[in-house]
Structure formats: structure tokens, C-alpha cells
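Reviewing the structure listed below.
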Amino acid sequence: MSEKKQPLLFIISGPAGSGKTTLCERLLGEFRALRRAVTATTRAPREGEENGRDYHFFTLEEFEAKKSRAEFLEWAFVHGRAYGTLTNEITRHFDRDEDVLLNIDVQGMRQVKEKSSSITWLADRVVTVFINPPSVDELRRRLKKRGTDDEVEIERRIQTAEREMESTKEFDFILETQSREEDYDRIRSIYLAEKMRTR
Numbered sequence: 003m004s005e006k007k008q009p010l011l012f013i014i015s016g017p018a019g020s021g022k023t024t025l026c027e028r029l030l031g032e033f034r035a036l037r038r039a040v041t042a043t044t045r046a047p048r049e050g051e052e053n054g055r056d057y058h059f060f061t062l063e064e065f066e067a068k069k070s071r072a073e074f075l076e077w078a079f080v081h082g083r084a085y086g087t088l089t090n091e092i093t094r095h096f097d098r099d100e101d102v103l104l105n106i107d108v109q110g111m112r113q114v115k116e117k118s119s120s121i122t123w124l125a126d127r128v129v130t131v132f133i134n135p136p137s138v139d140e141l142r143r144r145l146k147k148r149g150t151d152d153e154v155e156i157e158r159r160i161q162t163a164e165r166e167m168e169s170t171k172e173f174d175f176i177l178e179t180q181s182r183e184e185d186y187d188r189i190r191s192i193y194l195a196e197k198m199r200t201r
């Protein structure tokens, strides 16, 4: 009889505009046993966003209280706002034998990888993928095309992206972006291969 496979924490990181959100949505649409971890933030909800579905929206005081109680698996301040992943957001899916997809930045990935070595239920179950855009110029073009940020915000995101792109060697996999279909085929293959890996 084959050994029961343990759920995975599948982490995808990459600069804003790299296409990671689209890849995440396609993976979630195809694989029913893969669930999105809803992360927490202190930023205000955007139009159409719902608490508990898009993010867990907290005040800074609420966020700090949860942080002081060690309720976060990872957290960081990014562009003046706090973001984090509640530990129970992962464990509740693992308890149902569901894999978890987590879309977080490089800072968050580092915290999870560091903690995973000392957390029994998470050890050997973290897989990290960095979505690497072709160039900074292409990233700037994509951010401008989106039309959601002003020039100051775009340049701030570019500076963050440049720092993140220097961290690719810390990840298990680097996906150099090409076409949307090629990118999805490759990230899908990574997920399926990791599901078959002997741990």
C-alpha cells in the first residue's frame, strides 16, 4: 500500500507585474485540492474586495496584537502597510489534507522557510517558486499598462522588484517568464512533480 502524501505549502513570489497572480488563479481553478491562503493586511479594502475572501483586513492595532501572540507564520511591513499570513490559515487546510497556495513576497518566503525547519507539521512540505520577469524595463511597461498606480508608486514597486530579483537563488525554482501559456504549463508541471516527490 502506498504511503499517504502530505499536503504541500506551495509558495509563489515575484515582483508586482510579473504575472504571479494570474498563475495562482489558474492553478486554483484547475486543482480542487489546492486552496489559497487568505493573507492579512492593514491596508484599506479596495472596491469589490471582501474581508475573509480577498484578505483578512485588520487595523494596525489588531495586527500588532496578533503579532504579539505569535499568530503569524510570516509578516512584514511593505510600503508602510503590514502584511502577514496567519498560521491557522495554513493548518486549517492541512487538517483537511488540502495543499495551500501562498502568494507572498521574498521577505515572507524567507520567514516561512526559516520556520519550516523547526516546525514539525511544516518540515519538508514547503515548495518555493520565484516568477522572474524578462527585465526591469518590461516590468515597468506592464505596471504602466495596468493603470492602477501612479508614477511614484510604479517606481517604488520597481525598486522593490530589483531587490527581489537579486534573491532568486533562495528559491527552489525560478520561472523565467515567457508567454502566459508557457508560464502556466511550467508552473503546473512544478506543482505536479512536487506532489509526486518522495519526502
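Quick note: the sequence shown uses our numbering, first residue 3, plus one each step. Idealized CB from N, CA, C, for every residue including glycine. Remember, predicted model here, so these are calculated numbers, not experimental data.
Where do the ends of the beta strand (DSSP E) carrying phenylalanine 260 lie?
-> No answer is possible for residue 260: the residues shown for the chain start at 3 and end at 201.
Out of Glu140, Ser169, Arg38 and Leu194, state which residue places its alpha-carbon closest to the alpha-carbon of threonine 87.
Start at 1 with the first residue of the sequence shown, and residue 87 comes out as number 85. The shortest C-alpha separation from threonine 87 is found at Arg38.
*Straight-line CA distance for histidine 58 to arginine 94?*
For the purposes of this step, residue 58 is identified with residue 56 of the sequence shown, where counting begins at 1. For the purposes of this step, residue 94 is identified with residue 92 of the sequence shown, where counting begins at 1. CA-CA distance, histidine 58 to arginine 94, rounds to 15 Å.
Report task. Express the C-alpha separation of valine 128 and asparagine 105 in angstroms, rounding to a whole number. Result -> Along the sequence shown, read from residue 1 onward, the residue named residue 105 stands at position 103. Along the sequence shown, read from residue 1 onward, the residue named residue 128 stands at position 126. Distance between the alpha carbons of asparagine 105 and valine 128: 13 Å.
Original post:
Going by other Cβ atoms of all chains shown within 10 Å of its Cβ, with 16 needed for buried, is proline 136 buried or exposed?
Top reply: One-based indexing of the sequence shown puts residue 136 at position 134. Under a 10 Å Cβ-count criterion, proline 136 is classified as exposed, with fewer than 16 other Cβ atoms of the shown protein chains found around its own Cβ.
DSSP state of aspartate 101, grouped into three classes?
Taking the first residue of the sequence shown as 1, we reach residue 101 at position 99. Aspartate 101 falls in the strand class under three-state DSSP.
With DSSP run on the structure shown, which of helix, strand or coil describes phenylalanine 59? The residue given as residue 59 occupies position 57 in the sequence shown. In this structure, DSSP gives phenylalanine 59 an extended state, which the three-state scheme calls strand.
Assuming isoleucine 192 and valine 131 make a contact with CB atoms under 8 Å, what is their CB distance in whole Å?
As a working note, residue 192 is residue 190 in the sequence shown. As a working note, residue 131 is residue 129 in the sequence shown. Isoleucine 192 to valine 131, Cβ: 6 Å. Contact.
query: What residue does the alpha helix (DSSP H) around valine 154 start on, and which one ends it?
result: Start at 1 with the first residue of the sequence shown, and residue 154 comes out as number 152. Taken as a continuous stretch (DSSP letters only), the alpha helix (DSSP H) holding valine 154 covers 153-167.
**Prompt:** Is arginine 245 helix, strand or coil when you go by DSSP?
**Reply:** The structure shown does not extend to residue 245, since the chain is modelled only from 3 through 201, so no value can be given for it.
ask   = Hey, is valine 131's beta-carbon within less than 8 Å of any beta-carbon in chain B?
value = The structure shown contains no chain B; it is built from a single protein chain.
Quick one: residues in its chain with C-beta nearer than 6 Å to the C-beta of lysine 7, no 5 flanking neighbours on either side, listed in chain order?
As a first step, residue 7 must be located in the sequence shown, where it is residue number 5. In its chain, beyond the 5 residues on either side, no residue has a beta carbon closer than 6 Å to the beta carbon of lysine 7.
Please return the same chain residues whose Cβ sits closer than 8 Å to the Cβ of asparagine 53, not counting the five positions on each side in sequence. Taking the sequence shown and counting its residues from 1, the one referred to as residue 53 is at position 51. Within the same chain, Pro47 and Phe59 come within 8 Å of asparagine 53 by CB-CB distance, once the 5 residues on both sides are set aside.
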